[in-house]
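To keep things clear, I will list the structure first and then write my remarks on it.
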Amino acid sequence: MTIQSLPDILRYGSISEPLWIEFDRRIGYHSMDTTHYHRSFEFFYLYSGERKFFIRDSVYPIQSGDLILVNSNFVHRTSELSQPNHERVVLHFDLPFFDGLSREETELLQSPFLDGYPIVRLNLQERLHLETLFESLLRELNDRPPGYQLHIRNMATELLLLTARHMQKRKALPNVEVTPVQRKVTDIIRHINQQFREPLHLDDLAKQFYISKGHLSRVFKEVTGFGFSQYINITRIKEAEHLLRETDLSITEISEQCGFENFSHFGKVFKELSGLSPRAYRKLE
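Read in order, the letters of the sequence shown are residues 427 to 711 in the numbering used here.
Here it is, written out as structure tokens:
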């Protein structure tokens with residue numbers, strides 16, 4: 427299951443419970459009706475779109491892939507920025523969520539909310555890791571198999587732990603300005619995400635986006651953490667996994683639909699990234 431296959435609204439728990447989760451896909455312009463605050467720590471992740479986030483006394487422009495950490499009882503509100511439509515997932519951690527943990531563990535998991543600067547801008551590799559955890563959590567919430575509540579709590583704890591470790595390694599800087607290079611790479615990534623079913627070559631994209639081949643290869647790696655070809659393969663294999671799980675298409679058809687010109691190359695790349703052959707992956711799922 428991918429984010430795109432989820433219903434527009436998913437809910438878990440409530441504001442009076444230790445863990446409260448909201449997933450929303452909103453079409454058109456949308457702003458919160460009221461500025462509000464609550465005792466729980468808020469863990470807000472913007473999957474797609476753009477927003478303005480008011481927290482305490484400052485307004486922050488946020489974009490797809492940004493993580494926002496709202497401390498307990500901080501007044502906050504979101505509103506539209508320039509683009510309609512957005513997808514977001516919000517986890518609320520109330521104090522009883524941390525019951526049973528040691529003092530050191532509680533302090534570690536709460537530390538991201540106390541950092542002072544609420545915006546965490548992840549690189550692409552970190553973002554994909556975070557989204558993998560979110561997708562596992564939301565899949566459980568949507569399907570609700572036996573023990574799903576335990577899995578959701580474990581995933582929520584892992585999200586906090588991942589963020590706490592990230593903050594210790596690399597403090598978020600109070601500067602969310604996007605550089606021209608980052609903007610260029612973002613445009614290229616969006617193009618890849620939309621056109622991954624078609625042939626994609628470094629030479630062609632370099633010409634299309636008015637950048638030299640060598641420079642594109644270098645800055646793409648610097649900004650995303652992935653090589654150019656590596657990211658294209660990851661994008662294609664993620665779609666192949668989705669089609670293997672959700673459709674009855676043959677493996678050959680999936681290979682073609684995901685942009686692989688050579689079936690044997692598809693099988694090799696799939697096994698490198700998934701750890702299984704396409705046939706074994708389908709059987710396991």
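By construction, the Cβ of each residue, glycine as well, lies at the ideal position given by its N, Cα and C atoms.
Check, Outcome
"At the level of alpha carbons, what is the spacing between L493 and L586?", "12 Å"
"Quick test of your reading: Y473 and I429, contact by CB under 8 Å. State the CB separation rounded to the nearest angstrom.", "6 Å"
"Run the CB neighbour count on I488, radius 10 Å, all protein chains shown included, and call it buried at 16 or more, exposed below.", "buried"
"In chain order, what are the residue ranges of uninterrupted alpha helix (DSSP H) at least 4 long that sit wholly in the region 644–675?", "654–672"
"For I545, count neighbouring Cβ atoms within 10 angstroms of its own Cβ and tell me buried if that reaches 16, exposed if not.", "buried"
"Less than 8 Å separating the beta-carbons of F467 and Q536?", "yes"
"Would you kindly check if the distance between the Cβ of I663 and the Cβ of S638 is under 8 Å?", "no"
"Quick one: grab the DSSP three-state call for T605.", "coil"
"Determine, using beta carbons only, whether R477 and H512 come nearer to each other than 8 Å.", "yes"
"Please classify F692: is it buried, with 16 or more other beta-carbons within 10 angstroms of its beta-carbon, or exposed?", "buried"
"Excluding the 5 residues flanking T461 on each side, which residues of the same chain have their C-beta closer than 8 Å to its C-beta?", "Confidence at T461 is low in this model, with a pLDDT of 48, below 50, so its placement is unreliable and no value can be given for it."
"Identify, in the order they occur along the chain, each residue of the same chain with its Cβ nearer than 8 Å to the Cβ of S703, setting aside the five sequence neighbours on each side.", "G693, F696 and K697"
"Could you give the DSSP three-state label for V501: helix, strand or coil?", "coil"
"Could you tell me which uninterrupted beta strand (DSSP E) segments, each at least 3 residues in length, are contained entirely in the region 545–619, listed from first to last along the chain?", "545–547"
"Could you compute how far the alpha carbon of H589 sits from the alpha carbon of G542?", "Per the sequence shown, residue 589 should be read as Thr rather than His. Cα to Cα, the separation comes out at about 14 Å."
"Strictly by DSSP, which residues pair up with R477?", "I488 and E506"
"Please state if the CB of R465 and the CB of S498 are separated by a distance shorter than 8 Å.", "yes"
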